[in-house]
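In structure tokens, the structure reads:
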């Protein structure tokens with residue numbers, strides 16, 4: 001895979017798709033340096049050119065330039081299991097000393113004994129019990145602290161890196177490119193809204209008010225004269241599958257013009273977004289890079305992609321291949337392996353988190 | 359009341375509170391021309407100066423400058439009853455020919471016969487039945503159209519004006535002033551989120567993704583190959599009283615630094631916002647202008663303000679008097695009565711809806 005990554009500089013001056021560009025534009029720095037010059041990159045650039053070209057048939061005014069991104073598997077990795085799931089398991093271990101009864105109670109026993117069969121046997125109900133035990137019964141501030149502490153210390157089993165190191169460098173560039181073209185970028189995650197919000201602003205440049213996710217109920221209370229929001233062991237909203245268009249309508253209130261996902265949980269979001277009138281863009285990331293990341297699709301528990309692979313072409317959605325389309329997967333590869341297209345790492349980092357966080 | 363309104367120009371060069379201003383600043387056009395030079399206006403300007411002065415103790419970085427506004431009674435009028443309630447009654451009349459059974463069924467009978475006693479007797483349950491009959495059982499697009507049609511044709515009983523004419527000119531100026539100082543402005547309404555979204559962008563410059571309100575559930579369906587969101591007769595969320603801090607946490611995900619309301623339904627929002635660390639601002643509008651608008655507080659059904667009047671001073675919240683603080687209530691007074699401070703109506707309108715809709 002290393003060839004792909006290192007082949008970048010040579011490709012820099014090759015044609016960028018069929019769209020004619022002005023000489024000035026062609027000389028400007030590539031906003032997507034970690035992307036190979038392939039049809040996926042061309043499709044993205046053509047779409048952005050279409051919606052931003054005043055007077056063109058595809059023009060979309062800035063306030064309607066909304067782009068939605070799934071998080072797990074789209075903006076960061078999700079193997080060997082959703083990172084929030086790994087947080088749950090770690091929290092169960094951390095909280096176990098205060099819950100001696102967990103040693104003999106499923107599904108807690110299964111987690112403590114790392115018995116995946118027993119865990120699977122506990123089903124969705126068991127999973128919810130684990131989520132409530134680790135996500136409810138505390139204030140929003142206490143929960144946020146437990147997530148931040150975990151993100152600061154936990155390490156990914158394959159890469160021995162913080163989970164927030166495992167965001168996708170090409171997607172950071174894409175977010176910045178869209179924002180530079182007056183898009184407002186939103187996360188539409190099946191994961192927990194308050195989990196994702198703890199790192200979305202720092203890592204993606206996406207402020208909390210542009211993060212949508214699944215949630216449990218919270219309750220307002222005044223404790224000793226100090227108002228708090230208490231997280232309750234009760235589901236509020238599942239932002240996945242059919243829930244994603246519902247979440248878009250609830251939180252954004254207008255139909256986005258671009259959607260980026262990677263699993264069948266994103267199908268309805270892609271369908272809803274691309275069924276709108278005018279310029280539309282839908283993209284599915286196919287995780288096919290076992291060396292640099294993970295290769296999985298139809299049979300995976302986390303991020304299963306089955307219908308999406310079959311239906312993408314007929315629906316006009318772009319399928320991205322990580323092997324073919326991305327020179328770099330993670331930002332840390334730039335530190336280790338040098339620069340892509342001669343850019344300095346610091347400049348790229350600055351691009352990711354511009355002042356314009358929209 | 360007319361004296362107040364017309365006394366504006368003479369007051370223009372009086373001191374603006376205790377904050378010393380540079381000569382350049384003092385000469386720049388007043389961003390709040392419909393506000394009298396009173397302690398309320400000074401308090402607003404002092405707060406904004408505090409949070410925007412780099413290096414000052416009260417400085418707040420732009421991405422944390424979130425301001426939340428109640429809608430009914432804060433950004434537009436709410437008498438003789440919440441405008442969305444009047445929409446419900448009008449819709450019941452409009453839909454009645456298709457529902458002959460309503461003639462003999464409460465609470466519909468009460469609405470059709472304009473029998474307010476029978477309506478009151480039907481209680482909260484009756485009100486919910488009316489809401490569901492007019493707000494559910496159609497797609498989100500169909501509902502939006504019914505609201506837009508009503509707003510375009512219905513007239514307010516006192517002013518014989520479109521309801522969207524009855525927004526508060528001083529608040530439009532305040533929204534624009536805050537946005538010019540890099541605030542992001544949100545609506546936190548007890549009213550229906552999709553009702554308010556139909557006019558918030560055009561009227562307030564607040565895009566749909568920055569409108570939070572009460573909601574009913576929606577369901578994603580594909581009908582004849584076309585995806586739709588269907589509104590279901592089931593409450594999803596009540597964004598009022600204790601619900602407002604919950605809604606802030608859910609939709610915004612960080613604590614605002616300024617809150618503007620007018621009724622006891624805004625108390626918890628004000629409490630939550632002003633309990634945060636650092637610079638904070640809370641304001642309650644007191645409707646005390648029976649001539650130019652309506653005078654009501656402790657005994658009103660719509661927009662009841664009772665505890666708020668008693669507790670504001672102790673909590674450090676500013677209480678705004680419409681009689682004392684506002685030269686103009688509605689934008690149409692500028693057309694009719696001439697200019698405030700020599701400004702032309704068109705310039706003011708342009709200020710209200712700047713390109714920066716944040």
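Protein chains in written order, with our numbering: chain A, 1 to 358; chain B, 359 to 716.
The C-beta atom is built at its ideal place from N, Cα and C for all residues, glycine as well.
For chain A, the residues of the region 591-604 of chain B that bring a beta carbon within less than 7 Å of one of its beta carbons are 600, 603 and 604, in chain order.
Against residue 268(A), the close residues of chain B are 578, in the order they occur along the chain (beta-carbon pairs closer than 7 Å). If you compare the alpha carbons of 284(A), 51(A), 97(A) and 269(A) with that of residue 213(A), the shortest gap goes to 269(A). Residue 424(B) sits close to residue 610(B), with the two beta carbons spaced by under 8 Å. In the DSSP assignment, residue 594(B) falls within the unbroken beta strand (DSSP E) covering 584-595. Note on residue 668(B): under 16 other CB atoms within 10 angstroms of its CB, so exposed under the neighbour-count rule. Only 421 from the region 419-435 of chain B bring a Cβ to less than 7 Å from some Cβ of chain A.
Scanning 211(A), 130(A), 244(A) and 294(A) for the CA closest to the CA of residue 607(B) turns up 211(A).
With respect to residue 688(B), residue 549(B) sits apart: the two C-beta atoms are not nearer than 8 Å. In this structure, residue 517(B) lies away from residue 433(B), with their beta-carbon atoms at least 8 Å apart. With its beta carbon at least 8 Å from every one in chain B, residue 157(A) lies outside the interface.
Taking residue 663(B) as reference, the option from 649(B), 679(B) and 650(B) with the minimal CA-CA separation is 679(B). Look at residue 392(B) here: in three-state DSSP terms it is coil, with no helix or strand label. For the region 171-183 of chain A, the beta-carbon criterion of a distance under 9 Å to any beta-carbon of chain B is satisfied by none of its residues. Under the three-state reduction of DSSP output, residue 579(B) falls in the strand class. Boundaries of the beta strand (DSSP E) harbouring residue 258(A): 258-261, taken from the DSSP string.
The beta carbons of residue 492(B) and residue 588(B) sit no closer together than 8 Å. In this structure, residue 68(A) places its C-beta atom within 8 Å of the C-beta atom of residue 273(A). Here DSSP, grouped into helix, strand and coil, assigns residue 56(A) to coil.
Pairing residue 59(A) with residue 51(A) gives a Cβ-Cβ distance under 8 Å.
Secondary structure note for residue 678(B): its beta strand (DSSP E) is the uninterrupted segment 676-679. For residue 69(A), DSSP records a beta bridge to 187(A) and 260(A). Shortest Cα-Cα distance from residue 37(A) to any of 334(A), 215(A), 336(A) and 326(A) involves 326(A).
At a cut-off of 8 Å between beta-carbon atoms, residue 209(A) makes contact with chain B. Scanning the region 129-155 of chain A for uninterrupted alpha helix (DSSP H) segments of 4 residues or longer gives 140-153, listed from N- to C-terminal end. Burial is judged here by how many other beta carbons sit within 10 angstroms of a residue's own beta carbon; residue 137(A) has fewer than 16 and is exposed. Annotation: residue 271(A) to residue 585(B) spans about 7 Å, alpha carbon to alpha carbon. In this chain, the beta strand (DSSP E) harbouring residue 284(A) covers 281-286. Comparing alpha-carbon positions, the option among 242(A), 232(A), 178(A) and 102(A) lying closest to residue 189(A) turns out to be 242(A). In the structure shown, the three-state DSSP call for residue 28(A) is coil.
For residue 271(A), the residues of chain B that pass the 7 Å Cβ criterion are 585, in the order they occur in the chain.
When only Cα atoms are considered, residue 332(A) and residue 303(A) end up about 23 Å apart.
Going by beta carbons, residue 328(A) and residue 288(A) fall outside the 8 Å limit. In the DSSP assignment, the residues bridged to residue 653(B) are 646(B). Around the C-beta of residue 483(B), fewer than 16 other C-beta atoms lie within 10 Å, and the residue is accordingly described as exposed.
For residue 615(B), no Cβ of chain A is located within less than 8 Å of the residue's own Cβ.
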